[in-house]
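Peer 1: Shown below is the structure under consideration.
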Ligand code: NTF
């Protein structure tokens, strides 16, 4: 068994025999790959054991279909979950290397945009920790989310290239390949419906094992890469047409080339729909193949197979599964719909109308002619079974993927209590009335292995010392820390861990040109840049605060560092203006000699999972300030609370549940509720009214308009004082007040630490283990197994 061998020997072995390097000439990447292979060897056995156990126990398998898996780095996760941190550290020390440097060499697998993709990654880890037999299915994008840099304060995008180095974690499976067709025609032949596609690509599988806590179980992340059916057109090549000869290959590979850099709009229509069908169809074939290798009665499919649709991106799974069962296996369509529904369930992640996918019927018919027919049949069957007004799967020439996913799912879930209620009242009002038991809530969670144990070793050591290490896979045990909030020695140790994390971050920022004082309050807003998330509210408040400090620099202000991180979708002009404004404000404020010791703005570029792992442990204040009703859940908010940051936030998404759990006294609430937001929008001139009522807001906006931070920001000011759909102006005054409350509280450091401890102690419910158990119980009806 490889697990018995010495890690140090195995690293040397792989350095020599897998990488062909000797220690004297090895670069950091060689060492990192050697460690990765040595660790991967230790995952293979538990991985096989898990697969064998699932076959032997005939367990139900969960299939998580997602366009995005924002997994970040994998090496540290695996080392931590196998309990090999100390051994790995010692192995490298012997070669005068630091494990941190080796781990830090791994590129982020940025196969996702934001919360939806990161949630999928946390779920994979929890599924393995729990021992729930599961597969993640997605796309092996050659280029993940773009890299962000700033030029004169503006976002510059460049391609991400995580696959330029060998990817140590995956196993290529050329034998697991399916032909995926597009276009063509549908005919009735001898009583059978036959779809003959006009073009096709090959979906080839790449498997990455995902190891759970303590190596007890490992599941598979299977990502599909698109390959051409015919690699190369030799005739064209021989005729001298070298570009033309490579065309089939280029066309096919385009499908798995890039991740769409936007999680809220469906652009690049045709290619995007192709991507969605490509990975969904390949996954369903794979699922059926696995089922049929064990069972020949397709009616039993729902007992063995649970397929979760992560948002509507894989919603074409409904019609495709019906097509496979009906056209290819000969089941009557109505029966096929029933069986498919028994397997499928759908998670909704957003209520933003622009993010609810719709595809023109023309495009759908052109690319997937049989599916368009089946969508019409599903629609008609649903209308027959549920005679009522108004629910259709098409509207104004478009196929509506939300209603389609809803109709084809036995359960539909929202991702926080508030979001689930709003789903029932808004987007799915009519469908909910027809199917009152279908919508359930599964509040999001995050994996404590990555977001506490590995990201924050100082806090983790302190927690383990206080309550033992059982919290790592039973996070609600953090509640045992509660009494320690009243213990001065514990508070001091807690504060010291935070202070050390802040010093690390200050060094990191300093190396990147932002000098910040580690004794200042670290106030962090990190997430995609979006109007509804209101980074502009945060920066406008920063300006107002700066103006107040300048008026009276000696008034005993609490020093603060405002930290921002996040990318804007390349085509989202307003979000890019917000980025530019934040950087422009930083430039002015950071060089202001009157206020420099009291207020700084830092915006490290290229926010990603790895940067989040640095920022969150050092944060003291978590900014969760979306317009109420717009943020479905948020998961960053949970990571901050677990790491002992206090939240300043609105009653939106999971903030509501965080506040309920940590206690209203340990949370800085501001702003309108979701109901008030709807009413406020109806007030004519709401923004101007708010500005007229608050001279601070007026003054901050005037400063922006008059060019204090340079030209070009009129768009933001015009929006905030005009339509202001996201109610920045109307929430400003209360936000400003809450920020002053924050400072008052921070001035009493010991009392602050007490609140911070309570945030950690009371946030254990936000483990993704709890979320996954909820899905297993309410949605998948599946059970955890133990490896042999
Ligand atoms: C996101 N949705 C939501 O905006 C977040 O509030 C939520 O925490 C995550 O999903 C995970 O549930 C999306 O990214 C998308 F694509 F649906 F807009």
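Numbering (the numbering used here), first residue to last: 5 to 792.
All residues carry an ideal CB built from backbone N, CA and C; glycine is no exception.
#1: Is it true that the CB of residue 93 sits closer than 9 Å to the CB of residue 40?
#2: How long is the line joining the alpha carbons of residue 428 and residue 417, rounded to whole angstroms?
#3: If you follow the beta strand (DSSP E) that residue 181 is in, where does it begin and where does it stop?
#4: Mark residue 193 as exposed unless 16 or more other C-beta atoms lie within 10 angstroms of its C-beta, in which case mark it buried.
#5: Report all residues from its chain with a CB closer than 8 Å to the CB of residue 727; omit the five preceding and five following residues, and keep chain order.
#6: From residue 5 to residue 44, what distance separates their C-alpha atoms?
#7: Which runs of the beta strand (DSSP E), 3 residues or longer, sit entirely within the region 596 to 652?
#8: When DSSP labels each residue in this structure, what does residue 223 get in the three-state scheme?
#9: Write down the C-beta distance between residue 322 and residue 435 rounded to the nearest angstrom, noting that I regard them as a contact closer than 8 Å.
#10: On the three-state DSSP scale, how would you describe residue 654?
#11: Does the distance from the CB of residue 792 to the CB of residue 57 come in under 9 Å?
#12: Using alpha carbons as the reference points, say which of 128, 184, 161, 91 lies closest to residue 224.
#13: According to DSSP, is residue 238 helix, strand or coil?
#14: Which one of 460, 486, 459 has the shortest CA to CA distance from residue 471?
#15: Using 9 Å as the threshold, is the C-beta distance between residue 448 and residue 189 below it?
#16: Kindly provide the ranges of any beta strand (DSSP E) runs that are 3 or more residues long and lie completely inside the region 322 to 352, ordered along the chain.
#17: Is the Cβ-Cβ distance between residue 230 and residue 256 less than 9 Å?
#18: Taking only runs of the beta strand (DSSP E) that begin and end inside the region 409 to 455, which ones reach a length of at least 3 residues, in chain order?
#19: Please find out if some non-hydrogen atom of the ligand NTF comes closer than 8 Å to the beta-carbon of residue 351.
#20: Where residue 737 and residue 84 are concerned, what is the direct C-alpha to C-alpha distance, given to the nearest angstrom?
#21: Please list, in chain order, all residues of the same chain as residue 769 whose beta carbon is under 7 Å from its beta carbon, the five residues on each side excluded.
#22: Quick one: grab the DSSP three-state call for residue 589.
#23: If I'm right that residue 629 touches residue 739 with Cβ under 8 Å, what's the distance once you round it to whole angstroms?
#24: Which class does residue 48 belong to by DSSP, given the choice of helix, strand or coil?
#25: For my contact list, residue 143 and residue 113 are in at a C-beta cut-off of 8 Å; report their separation, rounded to the angstrom.
#26: Could you name the residues of the same chain whose beta carbon sits closer than 6 Å to that of residue 671, not counting the 5 residues immediately before and after it, in chain order?
#27: Looking at the secondary structure, which residues open and close the alpha helix (DSSP H) in which residue 724 lies?
#28: Keeping to the same chain, check which residues put their C-beta closer than 6 Å to that of residue 261; ignore five residues upstream and five downstream.
#29: Within this structure, are the beta carbons of residue 444 and residue 782 separated by less than 9 Å?
#30: Mind reading off the beta-carbon distance from residue 306 to residue 343? Whole number of angstroms is fine, and I expect it under 8 Å.
#31: Does the beta carbon of residue 679 fall short of 8 Å from some heavy atom of the ligand NTF?
#32: Taking three-plus beta-carbon pairs below 8 Å as touching, is the region 373 to 393 in contact with the region 320 to 335?
#33: Does the ligand NTF have a heavy atom nearer than 8 Å to the CB of residue 123?
#34: Can residue 632 be considered in contact with the ligand SAM, in the sense that its beta carbon sits closer than 8 Å to one or more heavy atoms?
#35: Could you tell me which residues DSSP pairs with residue 310 in its beta bridges?
Peer 2: In this structure, then:
#1: no
#2: 10 Å
#3: 175 to 186
#4: Answer is exposed; the Cβ neighbour count stays below 16.
#5: The answer, listed in chain order, is 691.
#6: Note that residue 5 scores 40 on pLDDT, short of 50, meaning its location in the model is unreliable and no value can be drawn from it.
#7: 603 to 606, 625 to 628
#8: strand
#9: 14 Å between Cβ atoms; not a contact.
#10: coil
#11: yes
#12: 128
#13: helix
#14: 486
#15: Contact flag unset, no.
#16: Entirely contained in the region 322 to 352, the beta strand (DSSP E) runs reaching 3 residues are, in chain order, 348 to 351.
#17: yes
#18: 415 to 418, 443 to 445
#19: yes
#20: Spanning the alpha carbons of residue 737 and residue 84 requires a straight line of approximately 45 Å.
#21: 480, 665
#22: Helix, per DSSP.
#23: Contact holds; Cβ gap of about 7 Å.
#24: In this structure, residue 48 counts as helix in the three-state DSSP scheme.
#25: About 12 Å separates the CB atoms of residue 143 and residue 113; that is not less than 8 Å, and the two are not in contact.
#26: 651, 663
#27: 718 to 725
#28: 146
#29: Contact flag set, yes.
#30: At roughly 6 Å, the Cβ-Cβ gap stays under 8 Å, so residue 306 and residue 343 are in contact.
#31: no
#32: The count of Cβ pairs closer than 8 Å, one atom from the region 373 to 393 and one from the region 320 to 335, reaches three, so the stretches are in contact.
#33: Yes; taking the cut-off as 8 Å, the Cβ of residue 123 has a heavy atom of the ligand NTF nearer than that.
#34: With respect to the ligand SAM, the structure shown offers nothing to examine, as its ligands consist of the ligand NTF.
#35: 66
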